[in-house]
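Counting from 1, position 235 in the sequence shown corresponds to residue 235 in our numbering; the numbering is continuous, with no gaps.
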Amino acid sequence: MPLMLASSLITPSPACNILLDLPPRSGQRPLVAVVVSLYNYEDCILETLETVALQTLEGIQLVVVDDASTDLGAARVEGWLVEHQDCFCSVRLLQHQHNGGLAAARNTGFAATTTEWVWVQDADNPLAPRALEQSHRLAQCVDDQVAVVHPLLLTVPPMASPQVFQGEGRPWQQSIFAASNAVDAMALIRRSAWQEVGGYVHIPGGWEDYDFWCSLIDAGWSGVQCPQPLGCYSVHQDSMTALTALPNVRGLEHLLKERHPWLTCVGGTTGTR
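Spelled out as structure tokens, the structure:
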């Protein structure tokens, strides 16, 4: 990947089509929004949505953003949402008119939410049934400068055997982020913090999540770890990490260090994402 200047980064804002918009059920107040970004994951998206539907927390506002997929994922999701709409407080399915990338999809999803806390959900990573309940409970106890509640995630084959907990023993500390990304994208995020830092920034080649965490740190926000394994982290040959970030490590490191000069990862590895 050719070296890029941080000042040249532009995050797309594609126009959206509303494929489905089911308003809140009468008398039910949404507590947590779940934003799912979807791009060509028709084979696993419904399995992931099933785990969202099985959450023990009531009052879930579900927003799925299809980033102009070329497969049948959006159509399958629309049918599934109609069938399972009673599992959620409200449901929205949005589709970009052209592909904008992961940052754009996440920003579109956040903009469509109305709750204080938003769970970021990958299309290929399932959740444990109490993931939202436990994360939201912890979020109610944190101080106003906490922007992120992040769980442990169980790494599933074929990445590793035996299975390990991603993020275990790595609390939210700037010194840890300086050397590598210690937190996966799947986490509960304070919406006002997302808004304050301007949302996710499109990073050609990947690592939008790492950049977002660094931007929160730059703005004085912090995070806490929910010390239970509440989901799975899948790495496979079609994952975004495998397709984009790993082949472009050196260029990504230089770009992120330009945006966040306190990073020390240049010339080394940047960890999980």
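Each residue gets a CB set at the ideal place from its N, CA and C atoms; glycine is no exception. Small disclaimer: the values here were computed from a predicted structure and weren't measured.
Contacting residues, own chain, Cβ-Cβ under 7 Å from residue i (five flanking each side not counted)
| i | result |
| --- | --- |
| Leu57 | Leu31, Val32, Leu132, Glu133, His136 |
| Asp71 | Asn40, Glu42 |
| Pro23 | Ser90 |
| Glu196 | Ala219 |
| Leu46 | Arg76, Trp80 |
| Thr51 | Pro126, Leu127 |
| Ser215 | Val197 |
Residues that DSSP places opposite residue i in a beta bridge
| i | result |
| --- | --- |
| Gly231 | Leu127, Leu153 |
| Ile189 | Val118, Val148 |
| Leu20 | Leu93 |
| Gly223 | Val148 |
| His142 | Inspection of the sequence shows that residue 142 is occupied by Val rather than by His. None; Val142 has no bridge partner. |
| Gln61 | Ala33, Ser90 |
| Asp66 | Leu38, Gln95 |
Residue i, DSSP secondary structure in three states
| i | result |
| --- | --- |
| Asp211 | helix |
| Leu216 | helix |
| Asn181 | strand |
| Ile176 | helix |
| Thr108 | helix |
| Leu102 | helix |
| Trp194 | helix |
| Arg137 | helix |
| Leu132 | helix |
| Pro162 | Because Pro162 carries a pLDDT of 43, less than 50, the predicted location of this residue cannot be relied on, and no value is offered for it. |
Contacting residues, own chain, Cβ-Cβ under 6 Å from residue i (five flanking each side not counted)
| i | result |
| --- | --- |
| Arg106 | Ser37, Tyr200 |
| Ser69 | Tyr39, Asn40 |
| Trp194 | Phe110 |
| Leu153 | Gln166, Asp184, Gly231, Tyr233 |
| Val82 | none |
Segment limits, alpha helix (DSSP H) that includes residue i
| i | result |
| --- | --- |
| Val249 | 249-259 |
| Arg92 | Not the alpha helix (DSSP H): Arg92 falls in the beta strand (DSSP E), residues 90-96. |
| Leu46 | 45-53 |
| Val82 | 73-83 |
Same chain, Cβ closer than 8 Å to residue i, neighbours up to 5 away in sequence not counted
| i | result |
| --- | --- |
| Pro162 | Unreliable positioning characterises Pro162 in this predicted model, as indicated by a pLDDT of 43, which lies under 50. The coordinate reading is nonetheless provided below. Answer for Pro162: no residue qualifies. |
| Val142 | Val149, Val224 |
For residue i, the first and last residue of its enclosing beta strand (DSSP E)
| i | result |
| --- | --- |
| Leu38 | 32-38 |
Cβ-heavy atom distance, residue i to the ligand SAH, below 8 Å
| i | result |
| --- | --- |
| Arg25 | The model on display carries no ligand, and the ligand SAH is accordingly not part of it. |
Check your understanding: So does the segment 246-258 actually touch the segment 206-215, counting three or more Cβ pairs closer than 8 Å?
Key -> As far as the Cβ criterion goes, the segment 246-258 touches the segment 206-215, which means the pair count is three or higher.
Practice item. State whether the segment 8-18 contacts the segment 82-97, with contact taken as three or more CB pairs (one from each stretch) at a distance under 8 Å. Key: yes
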